[in-house]
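Protein chains: 2
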Amino acid sequence: MTRTLVNGVEDTRIAANDRGLLYGDGLFETVLFVQGAAPLWARHMQRLARGCASLLLPAPEIHVLAREAARVVQGMPRAVVRITLTRGGGTRGYAVPEKVAPTRIIAVFDPPFIPMDWYARGIRVRFGELRLSVQPRLAGIKHLNRLEQVLARAEWDDPEIVEALLFDAKDRLVSAVAANVFIARGGKLLTPALEECGVAGVAREEILARYPDTEVREIGREDLMQADEIFLSSSVRGILPVRELDGHEFVPGPFSRALQTHWRARGLSPEVEA
Amino acid sequence: MTRTLVNGVEDTRIAANDRGLLYGDGLFETVLFVQGAAPLWARHMQRLARGCASLLLPAPEIHVLAREAARVVQGMPRAVVRITLTRGGGTRGYAVPEKVAPTRIIAVFDPPFIPMDWYARGIRVRFGELRLSVQPRLAGIKHLNRLEQVLARAEWDDPEIVEALLFDAKDRLVSAVAANVFIARGGKLLTPALEECGVAGVAREEILARYPDTEVREIGREDLMQADEIFLSSSVRGILPVRELDGHEFVPGPFSRALQTHWRARGLSPEVEA
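Residue numbers (the numbering used here), protein chains in the order written: chain A, -19 to 254; chain B, -19 to 254.
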């Protein structure tokens, strides 16, 4: 299933001179819909608005996005909607055109298949080799410049390995390739600060709202090794406990389980419940 | 004039699920054509091949690019051809699809208008505020992740200011927004090393081939201030001497003039000669 609306019109193509393609000049969100509803919708829209402010893009019309998303998910009990917002077409060159007419792409996909076992027993994770670059001006937002993620994901093809943990050049943990990371230690949650690097996931925001005592700070490799539990969060994949990190074993703990329960209560359960 | 070929077919649109748009997963070159010839063609193709290797993209078929570029510039005495190469369409997600069918976009534009005065007297340049991020895996190549350049170019709108000099977080000079930077001091050329950051321009390569004694090294703000001359190099705009940097005056010197002469001899002269 790949229904796509481009600026509100059913279409599968965009202009070859769109700045989204020319320069990655735009943002995106991938929103999980369950029975036509997107429980994390408000958080997605908040991040999108933050991203627009960072990129000096006109703020999106939320009600239009909501209406178009509702249209593409029709008839799908579970769906992932990718909303892409670009600075639109324009003349060649980095300078922002005087009149910007953003391009809005709403595309629907089947949710990825996730084995029940990933939720129940946890996933296997590796250390990524690529170091994410530090750029405070782009940190936190979900922009279209994602070559680092493409290269990081290309480092392994073992299907038994689900994710990689990525660090910056100063050995600070940032995130997984397509998820945020949490550590539990001594009854407390920890997650990396993302002021300089990384994407502030909406699932991460949901977790921070639920556990406001979470320490948001620098996290190193030794913090990971001393963790009582480690889990990943993603708006599409939910709460994924880590059972193995680079050969070291971990056990899904109370935080992972409590959040998986919360996720189900929010109507964000995985296709097959753990 | 905006003739465009997408995978060899005259078209103005590409698939909305192209990874070039989804993730900026691709590369580009902007090639100046004068009377149907592109004097720096071989250097453009070398950089494109290097970029493909870095991004794990299939190498492009150079003869196809040459044929298609020749086709779009027909009838134009001077033209800029933008060649964009992406990883093509695919399923959602960062993982590279097993079968990659790259997208090839060849688009032609009129060259930018450049006042004769810029070559003769030099241009006014400012210091950029945005710090370019360090990423050795992407340094040197001309990939599609260009949000930093878009944000850096958006810092000023005074039409009298032509370019900005950009530094990394460690105060090392990298480049201008859309050009490389050279300094002359004591009869010697200097230019920033680009192993960690920046785009290695084909005009820069041409200059390094002409002046193999050029010192390629770390350059700081004080180096700029002590320069005998400063100039920018760009495959589209040629050799642009700096006459003012952040209020400090400079005079176009012998290196700028010799390279402008070389540029004309190579058939790369600006529209109106200095």
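No residue lacks a Cβ here, since even glycine has one placed at the ideal position from N, Cα and C. Predicted model, so just to flag it, every value in this text is computed and none were measured.
Quick check: what's the CA-CA separation for A144(A) versus F93(B)?
If you take the alpha carbons of A144(A) and F93(B), they lie about 47 angstroms apart.
Give the straight-line distance between the Cα atoms of D90(A) and D(-2)(B), rounded to the nearest whole angstrom.
Rounded to the nearest angstrom, the two C-alpha atoms are 18 angstroms apart.
Ignoring anything shorter than 4 residues, give me the alpha helix (DSSP H) runs that lie fully in the segment 87 to 172 of chain A, in order along the chain.
Within the segment 87 to 172 of chain A, the complete alpha helix (DSSP H) runs of at least 4 residues are 96 to 100 and 127 to 133.
Do you know whose CA, among A17(A), P82(A) and F211(A), lies nearest G55(A)'s CA?
G55(A) has its Cα closest to that of A17(A), out of A17(A), P82(A) and F211(A).
Which residues share a DSSP beta bridge with T194(B)?
DSSP output for T194(B) lists no bridge partner at all.
According to DSSP, simplified to helix, strand and coil, what is P57(B)?
Of the three classes helix, strand and coil, the one that applies to P57(B) here is coil, per DSSP.
Would S113(B) pass as an interface residue toward chain E - the criterion being a Cβ-Cβ separation below 8 angstroms?
You won't find chain E in this structure, because its protein chains are A and B.
Identify the continuous alpha helix (DSSP H) that holds A180(B) and give its terminal residues.
Premise fails: A180(B) is in no alpha helix (DSSP H) and is neither H nor E.
Starting from the beta carbon of H123(B), find every residue of chain A whose beta carbon is closer than 8 angstroms, and list them in chain order.
The contacting residues are L127.
Roughly how many angstroms separate the alpha carbons of L153(A) and L153(B), rounded to a whole number?
One C-alpha to the other measures close to 28 angstroms.
Quick one: which chain B residues come within Cβ less than 7 angstroms of G217(A)?
Checking the sequence, you will find Arg at residue 217(A) rather than Gly. None at all; the shortest Cβ gap to chain B is about 11 angstroms.
Closer than 9 angstroms, Cβ to any Cβ of chain B: which residues of the segment -5 to 14 of chain A, in chain order?
Correct list: A(-5), A(-4), N(-3), D(-2), R(-1), G0, L1, L2, Y3, G4, D5, G6, F8 and T10.
Quick one: is V53(A) near chain B, going by C-beta distance under 8 angstroms?
No - not a single Cβ of chain B is within 8 angstroms of the one on V53(A).
Can you grab the Cα-Cα spacing for the pair P19(A) / L212(A), in whole Å?
Roughly 19 angstroms between the two C-alpha positions.
Look up L7(B) in the DSSP assignment and give the residues it is bridged to.
In the DSSP output, where bridge partners are listed per residue, L7(B) has L65(B) and H123(B).
For the segment 55 to 80 of chain A, which residues have a beta carbon sitting closer than 9 angstroms to at least one beta carbon of chain B?
Of all residues in the segment 55 to 80 of chain A, V60, R62, T64, T66, R67, T71, R72, G73, Y74, A75 and V76 have a Cβ within less than 9 angstroms of some Cβ in chain B.
Against chain B, does I187(A) count as a neighbour if the rule is that its beta carbon must be under 8 angstroms from one of theirs?
So, not an interface residue.
Roughly how far, in whole angstroms, is the beta-carbon of G178(A) from the beta-carbon of L112(A), given that I think they are within contact range, below 8 angstroms?
Confirmed, Cβ separation roughly 7 angstroms.
Compute the Euclidean distance between the alpha carbons of G0(B) and G166(A), then round it to the nearest angstrom.
The straight-line gap from Cα to Cα measures roughly 44 angstroms.
Enumerate, from N- to C-terminal direction, the unbroken beta strand (DSSP E) stretches of 3 or more residues contained entirely within the segment 216 to 248 of chain A.
Entirely contained in the segment 216 to 248 of chain A, the beta strand (DSSP E) runs reaching 3 residues are, in chain order, 218 to 225.
Going by DSSP, what residues sit across from E185(A) in a beta bridge?
DSSP lists no partner for E185(A).
Does any CB atom of chain B fall closer than 8 angstroms to the CB of A87(A)?
At least one chain B Cβ lies under 8 angstroms of A87(A).
Return helix, strand or coil for L36(A), following the three-state DSSP convention.
Coil at L36(A), not helix or strand.
Straight-line CA distance for V11(B) to M96(B)?
Cα-Cα distance, rounded: 21 angstroms.
If you reduce the DSSP assignment to three classes, tell me which class V209(B) lands in.
Reading off the sequence shown, one finds Glu at residue 209(B), where the question assumed Val. The answer is strand: DSSP assigns E209(B) an E or B state.
Around the C-beta of N160(A), are 16 or more other C-beta atoms found within 10 angstroms, so that it is buried, or is it exposed?
When all chains shown are included, N160(A) counts as buried.
From this set, A75(B), R47(B), I141(B) and Q15(B), which residue's C-alpha is nearest G86(B)'s C-alpha?
It is worth fixing the name first, because residue 86(B) is Ile in this sequence and not Gly. The shortest Cα separation from I86(B) among A75(B), R47(B), I141(B) and Q15(B) belongs to R47(B).
What residues from chain B crowd round R133(A), counting only those whose CB sits closer than 9 angstroms?
In chain order: G73, Y74, A75 and V76.
Skipping 5 residues on each side, what residues in its chain have a beta carbon closer than 8 angstroms to that of T194(A)?
Closer than 8 angstroms at Cβ, skipping near neighbours: F162, K168, L169, L170, T171, I187 and L188.
Can you tell me whether D(-9)(B) is helix, strand or coil according to DSSP?
If DSSP states are grouped into helix, strand and coil, D(-9)(B) belongs with coil.
How would you list, in chain order, the residues of chain B whose beta-carbon sits under 7 angstroms from the beta-carbon of L36(A)?
Per Cβ cutoff of 7 angstroms: A134.
Just mark H24(B) as buried or exposed, buried being the case when its beta carbon has 16 or more other beta carbons within 10 Å.
Buried is the call here.
Do the CB positions of T(-16)(A) and A81(B) come within less than 8 angstroms of each other?
Contact flag unset, no.
For the beta strand (DSSP E) that L(-15)(B) lies in, which residues bound it at each end?
Element bounds for L(-15)(B): T(-16) to V(-14).
Which bits of chain A does V(-14)(B) rub up against, with CB to CB less than 9 angstroms?
Near V(-14)(B) (Cβ distances below 9 angstroms), the residues of chain A are A(-4).
Taking a contact to mean a Cβ-Cβ separation below 8 angstroms, would you say D5(A) touches V130(B) in this structure?
Yes.
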